[in-house]
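Data first, discussion second: the structure below is written as structure tokens.
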Ligand code: SF4
Ligand code: SF4
């Protein structure tokens, strides 16, 4: 279990917006991902919604390994904006970890 940071979800949500709440955890995104990324979006996005900042930051490498190819998004039945969410997480890490 990670530590819940109550501000984390709000800070990720600002200013770009983060849409992952509609995810049904169906697994289609992982099945079609050319990088075989299983964490995105199902688990990492859920961590954001639950406030587990430490778990998200511990998986920064995965967040930066995404190709932003949108294969997952094209097949997502819940129309989650997966690539934009990945960009939002990268922006968050750039600002809050790397100070850039
Ligand atoms: S395909 Fe969409 S609904 Fe299914 S797990 Fe991935 S993000 Fe969630
Ligand atoms: S956008 Fe990222 S997570 Fe989605 S299929 Fe492409 S590499 Fe995988």
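In the numbering used here, the protein residues as written are 364 to 463. Built from N, CA and C at the ideal position, the CB exists for glycine as well.
key: CB contact flag (residue 387, residue 441, <7 Å)   = As a working mapping, residue 387 is identified with position 24 in the chain shown. As a working mapping, residue 441 is identified with position 78 in the chain shown. Yes, these two residues count as a Cβ contact at 7 Å.
ask   = In its own chain, which residues sit with a C-beta less than 7 Å from the C-beta of residue 372, not counting the 5 before and 5 after it?
value = Walking along the chain shown from the start, residue 372 turns up at place 9. A distance below 7 Å between beta-carbons, with the five flanking residues on each side excluded, links residue 372 to the following residues of its chain, in chain order: 411, 412, 414.
7 Å Cβ cutoff met for residue 383 and residue 443 = By one-based count along the chain shown, residue 383 stands at place 20. By one-based count along the chain shown, residue 443 stands at place 80. Yes, Cβ-Cβ distance for residue 383 and residue 443 is below 7 Å.
Distance cut-off 6 Å: residue 426 Cβ against heavy atoms of ligand 2 = Mapped onto the chain shown, residue 426 falls at position 63. It does not: the Cβ of residue 426 is nowhere closer than 6 Å to a heavy atom of ligand 2.
query = Smallest Cα separation from residue 456: which of 385, 392, 375, 366?
reply = Start at 1 with the first residue of the chain shown, and residue 456 comes out as number 93. Closest in alpha carbon position to residue 456, among 385, 392, 375, 366, is 375.
ask   = DSSP on residue 388, reduced to helix/strand/coil?
value = Reading the chain shown from its first residue, position 25 is the one you call residue 388. Assignment of residue 388 by DSSP, reduced to helix, strand and coil, places it in the coil class.
ask   = For residue 431 versus residue 446, is the C-beta spacing smaller than 7 Å?
value = For the purposes of this step, residue 431 is identified with residue 68 of the chain shown, where counting begins at 1. For the purposes of this step, residue 446 is identified with residue 83 of the chain shown, where counting begins at 1. Taking 7 Å as the Cβ cut-off, residue 431 and residue 446 qualify as a contacting pair.
query = If we ignore side chains and look at the alpha-carbon of each, how far apart do residue 305 and residue 427 end up?
reply = For residue 305 there is no data in the structure shown, the boundaries of the chain being 364 and 463.
Same chain, Cβ closer than 8 Å to residue 404, five either side skipped, listed in chain order = Along the chain shown, read from residue 1 onward, the residue named residue 404 stands at position 41. The residues are 383, 386, 392, 435, 443, 445, 448, 449.
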